[in-house]
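Trainee: Residue numbers (the UniProt record's numbering): 1 to 107. For each residue, glycine too, the CB sits at the ideal point set by N, CA and C. Encoded as structure tokens, here's the structure I'll be asking about.
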């Protein structure tokens, strides 16, 4: 075996060992999302924000949206309990939302 092939195999084995050892670090846990879950949560957050903004009753209200593992948390301020209930309803209607936590306060 020539020196070039030996070096290539060495780096291939080194890469494989590093990849296998590093893989669990990318997996999600109960308190941390995997990279794929994080991307999915970001997309879901954007969809919920758009749905809330496009709702005439909620457009001007100060509602924050965060998502973790398909669970959406709404926080911020609304003008009435009805507006809070509407925001939860709109968030639940977005495809992919598993649950909605209401942490909003009425001004």
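(1) Please decide whether residue 73 counts as near chain C, where near means a Cβ-Cβ distance under 8 Å.
(2) Is the Cβ-Cβ distance between residue 78 and residue 48 less than 8 Å?
(3) Classify residue 72: buried if its beta carbon has 16 or more other beta carbons within 10 angstroms, exposed otherwise.
(4) From residue 81 to residue 32, what does the alpha carbon distance come to, in whole angstroms?
(5) Does the ligand GDP have a heavy atom nearer than 7 Å to the CB of residue 69?
(6) State the beta-bridge partners of residue 41 as determined by DSSP.
(7) For residue 101, which residues does DSSP report across the bridge?
(8) Taking residue 105 and residue 67 to be in contact with their CB atoms under 8 Å, please state how far apart those CB atoms are, rounded to whole angstroms.
(9) Do residue 74 and residue 35 have their CB atoms nearer than 8 Å?
(10) How far does the alpha helix (DSSP H) with residue 66 in it extend, from its first residue to its last?
(11) Starting from residue 94, trace the alpha helix (DSSP H) in both directions and tell me its first and last residue.
Mentor: Working from what's here:
(1) Among the protein chains of the structure shown there is no chain C, as only one such chain exists.
(2) For the purposes of this step, residue 78 is taken as the residue at position 78 of the chain shown. For the purposes of this step, residue 48 is taken as the residue at position 48 of the chain shown. The Cβ atoms of residue 78 and residue 48 lie no closer than 8 Å to each other.
(3) As a first step, residue 72 must be located in the chain shown, where it is residue number 72. Residue 72 comes out buried.
(4) The residue given as residue 81 occupies position 81 in the chain shown. The residue given as residue 32 occupies position 32 in the chain shown. Residue 81 and residue 32: Cα-Cα distance of roughly 32 Å.
(5) For the structure depicted, the ligand GDP is absent and the ligand set is empty, with no information on it obtainable.
(6) By 1-based counting over the chain shown, the position of residue 41 is 41. Beta-bridge analysis with DSSP links residue 41 to no other residue.
(7) Here residue 101 is taken as the residue at index 101 of the chain shown, counted from 1. Listed as beta-bridge partners of residue 101 by DSSP are 73.
(8) For the purposes of this step, residue 105 is taken as residue 105 along the chain shown, with counting starting at 1. For the purposes of this step, residue 67 is taken as residue 67 along the chain shown, with counting starting at 1. About 20 Å; that fails the 8 Å criterion.
(9) Sequence index remark: in the chain shown, residue 74 carries index 74 (1-based). Sequence index remark: in the chain shown, residue 35 carries index 35 (1-based). Contact: no.
(10) To locate residue 66, count along the chain shown from 1; it is residue 66. Annotation: residue 66 is outside any alpha helix (DSSP H); the continuous beta strand (DSSP E) that includes it extends over 62-68.
(11) Indexing the chain shown from 1 puts residue 94 at position 94. Under the DSSP assignment, residue 94 falls outside any alpha helix (DSSP H); it carries neither an H nor an E label.
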